Each structure stands twice: as C-alpha cells, then as structure tokens.
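Residue numbers (the working numbering): 52 to 426.
Below, the structure is given as structure tokens:
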C-alpha cells in the first residue's frame with residue numbers, strides 16, 4: 052500500500068461512526084458539534100443523527116488523523132484549520148478556545164460525480180440561454196467572478212464553467228484548500244499552507260498568486276478570493292491575463308464588487324479609491340450570482356456585466372440575466388432565470404470560436420446594431 056492508501060484506511064477506521072454518512076451520496080455535509088452531537092444535511096435540510104463517537108478521546112483521535120493526512124496539526128496557538136479527507140471532501144476544524152464547547156468539525160463532502168454544465172441545466176440550476184451566454188464569455192476571455200453565500204454552489208459552478216476553457220490553455224489554479232477538479236490536461240494546482248506550530252513555513256494565497264504569474268499562465272483560477280490577493284488579481288486581470296476566474300462571498304453582483312474593493316484595500320498598498328474602482332471595473336467583466344433556495348436547490352439567480360465606473364465614481368452594472376416571475380402549465384407561480392433583453396457589451400465584438408457558439412438562443416444579446424464583420 053502506498054502512503055495515500057494507508058492514510059485513507061486509517062482515516063476511515065477512525066471515522067467509523069460517521070462512515071455511512073460519508074458514503075451516502077444523498078448527504079452533502081456532516082456537522083460534528085461534539086463527540087455525541089452530529090448533524091447531517093440532506094437536500095438542504097439539517098437533521099440530528101443518532102450516530103456518535105464512543106467518547107471525547109476517540110473523537111479527538113479521529114480529528115488528529117484527518118489533520119495528519121494533510122500534514123497539519125491543531126494547537127492552542129492555531130485552533131482553526133482547513134483541511135481535507137483522502138477523497139477530497141473539505142474539512143474545517145475549530146477547537147477551544149475559539150470553539151467554546153469543544154472541538155467542532157464540518158465536513159463538506161466531495162461530489163464524486165462531477166457536476167458538468169449539462170447536469171446543472173438538468174437539475175434547474177442554470178438555463179440553456181444563460182449557459183450559452185457564459186460559454187461565449189469564457190471563449191472570449193472575459194474575466195469572471197462567481198459570487199454567492201455559503202454553500203450556494205459557487206465552487207461547483209466554477210468547476211463546470213472551467214470546462215469551456217479552450218484546450219491547450221495553461222491553467223494555474225490557486226486554492227486555500229484544494230477543491231476544484233478541472234478536466235483539462237494542462238493544469239498547475241497550487242495550495243496555500245499554514246505555518247507550523249513555530250510560525251514557520253506559511254505560504255499565503257497572495258504569495259501563490261505572485262508565483263503563478265511566473266508560471267506563464269494563460270488563465271488563472273482562484274478558488275476563493277479572501278484578502279489582499281484581490282489587488283494582485285485585479286492588476287493581473289488588467290495586464291493581459293484575460294479569461295481568469297474566481298469566487299467570493301457576496302449577496303449580489305454590486306456587493307461582490309464592493310467586497311473585492313474592500314479586500315484589495317487589505318493589501319496595505321495605498322491607492323486612491325477612484326483609481327481602485329476604475330481598476331476593479333476594468334478587471335471584472337462579469338459577475339455570476341448564485342443562491343441557495345428553499346429546499347436546498349442551488350441556482351444561478353443573476354448575471355451582470357460590469358461597465359466603466361460612472362461620473363459619480365460608482366460602479367455601473369448591466370444585468371443580462373435576472374430572476375423573473377413565471378407561471379407554469381399548471382398555473383403555479385415561480386421564479387426563473389431569464390434574459391433582461393439588455394444587449395451585452397460584447398455585442399458586435401465576438402470573433403473566432405466565441406462567435407461560432409452563438410445560436411438563436413443568444414443572438415439578440417450579442418448582435419450589434421450594425422452588421423458584424425467576419426474575421
């Protein structure tokens with residue numbers, strides 16, 4: 052057995068009380084509040100589980116084994132850790148003194164079935180028209196942010212959208228904890244590292260981003276933008292690295308830009324606010340907003356293009372898709388992602404493979420007033 056197989060078997064042994072939940076594809080998250088208090092999420096609903104660890108000692112041994120798999124350890128000086136299971140499931144561990152009632156663990160399970168764009172359309176997360184629009188945008192090397200709340204499907208959507216990146220592109224992926232599973236052949240995956248108990252060996256997202264620029268990337272994908280690396284990303288996007296992508300937490304596209312601006316200010320680089328906003332609006336072409344609806348369904352609820360900042364120094368957004376009220380054949384009312392009938396800023400500018408993607412579904416969105424010239 053190689054080291055990975057040994058770790059997998061060991062972790063599985065220590066996690067025996069919840070192994071059935073980890074193997075059940077219907078369960079998306081396992082939340083352990085204490086050794087004898089465990090919740091599971093199924094179809095967006097949380098229920099308390101009868102499962103429990105034998106005692107606190109057995110629970111702590113399981114946590115330590117998970118951390119050892121990724122070469123991490125938890126101490127009083129480092130009570131919060133992000134890590135993963137051998138199958139790729141994401142794990143967050145919080146212990147005392149931050150977690151007042153003992154060690155808490157959240158396991159967000161890795162979906163072994165890759166959710167591609169077609170699957171997302173089948174389950175109603177994305178409309179066919181919006182899917183074609185995003186395909187055109189990616190082939191046109193537009194910079195794209197996927198925004199949304201916790202567990203709203205940002206990573207799954209980013210993973211699926213990345214499949215539209217043309218073959219042959221050199222992609223550098225930067226993540227705090229590896230989650231993305233890109234299908235392309237030419238992918239470099241970089242993962243941040245926390246310092247050890249002596250404060251040594253830390254590698255931040257920002258340092259990885261700077262390193263990625265020396266790796267000759269065609270496209271850069273950041274799993275989640277969280278801090279000062281936002282400024283480095285913005286400057287890279289405005290200096291020739293088109294078609295880059297990332298995710299961040301935000302409630303709507305306008306909030307996404309404001310959060311990106313705030314995080315860029317965390318870089319400690321003094322930059323006039325007007326200049327920073329001009330860079331943000333120049334760097335980000337499209338924000339795709341995701342949300343988690345009642346019943347647990349994750350959906351794309353808005354797609355907005357970013358125009359140059361206005362004379363008042365504020366961001367200007369062009370909503371291309373938004374949720375609109377619909378009535379089905381049985382007279383039931385609901386909401387559906389639909390085109391706003393606003394023309395894209397890309398109208399009349401599409402060339403090559405991007406232009407060939409356009410069908411009658413999106414022709415009105417991408418057609419300029421004047422006839423489009425061929426290559």
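For every residue, glycine included, the Cβ atom is placed at its ideal position computed from N, Cα and C. On a predicted model such as this, the values are computed, not experimentally measured, just so you know.
1) What is the residue span of the alpha helix (DSSP H) that residue 331 lies within?
2) Across the stretch 182-200 and the stretch 231-245, are there enough close Cβ pairs to call them in contact, namely three or more that are closer than 8 angstroms?
3) Between 410, 105, 134 and 130, which has its C-alpha nearest residue 116's C-alpha?
4) Compare the Cα-Cα distances from residue 253 to each of 129, 351 and 388 and report the closest residue.
5) When the Cα atoms are used, what is the spatial distance from residue 403 to residue 138?
6) Check each candidate in 299, 289 and 141 and name the one with the smallest Cα separation from residue 340.
7) Only counting runs of 3 or more residues, tell me where the beta strand (DSSP E) segments fall wholly within the stretch 125-182, in order along the chain.
8) With DSSP run on the structure shown, which of helix, strand or coil describes residue 210?
9) Could you have a look at residue 402 and say whether DSSP puts it in helix, strand or coil?
10) Might you give, ordered along the chain, the residues of its own chain that have their beta carbon closer than 7 angstroms to the beta carbon of residue 312, omitting 5 neighbours on each side?
11) Which residue wins for smallest C-alpha separation from residue 387, given the options 86, 144, 348 and 131?
12) Contact defined as beta carbons within less than 8 angstroms: I believe residue 285 pairs with residue 315. What is the distance between those atoms, to the nearest angstrom?
13) Can you tell me the Cα-Cα spacing of residue 167 and residue 208, whole angstroms?
14) Note down, in chain order, each residue of its chain lying with its Cβ closer than 6 angstroms to the Cβ of residue 426, except the 5 sequence neighbours on either side.
15) Under three-state DSSP, which class holds residue 116?
16) Do residue 256 and residue 230 have their C-beta atoms closer together than 8 angstroms?
17) Given 8 angstroms as the limit, is there contact between the stretch 403-412 and the stretch 365-374, that is, 3 or more CB pairs closer than that?
18) Got a sec, what are the start and stop residues for the alpha helix (DSSP H) residue 309 sits in?
19) Might you give, ordered along the chain, the residues of its own chain that have their beta carbon closer than 7 angstroms to the beta carbon of residue 61, omitting 5 neighbours on each side?
20) Quick check on residue 90: does DSSP put it in helix, strand or coil?
21) Helix, strand or coil for residue 276, going by three-state DSSP, please let me know.
22) Determine, using beta carbons only, whether residue 358 and residue 396 come nearer to each other than 8 angstroms.
23) Report yes if the CB atom of residue 274 is closer than 8 angstroms to the CB atom of residue 321, and no otherwise.
24) Which two residues bound the contiguous beta strand (DSSP E) that contains residue 265?
25) If residue 118 and residue 124 are in contact, beta carbons under 8 angstroms, what's the gap, nearest whole angstrom?
26) Touch check for the stretch 76-95 and the stretch 146-158: three-plus C-beta pairs under 8 angstroms?
27) Please work out which residues of its chain come closer than 6 angstroms, Cβ to Cβ, to residue 223, disregarding the five sequence neighbours upstream and downstream, and give them in chain order.
Result, derived from the coordinates:
1) 324-334
2) no
3) 134
4) 129
5) 39 angstroms
6) 299
7) 131-135, 141-145 and 155-159
8) helix
9) coil
10) 327, 328 and 331
11) 348
12) 6 angstroms
13) 8 angstroms
14) Note that residue 426 has pLDDT 39, beneath the 50 cutoff, so the model's placement of it is unreliable and no number is given.
15) helix
16) no
17) no
18) 304-316
19) 116
20) strand
21) coil
22) yes
23) no
24) No beta strand (DSSP E) contains residue 265, which DSSP labels as neither H nor E.
25) 6 angstroms
26) yes
27) 239, 263, 266, 268 and 271
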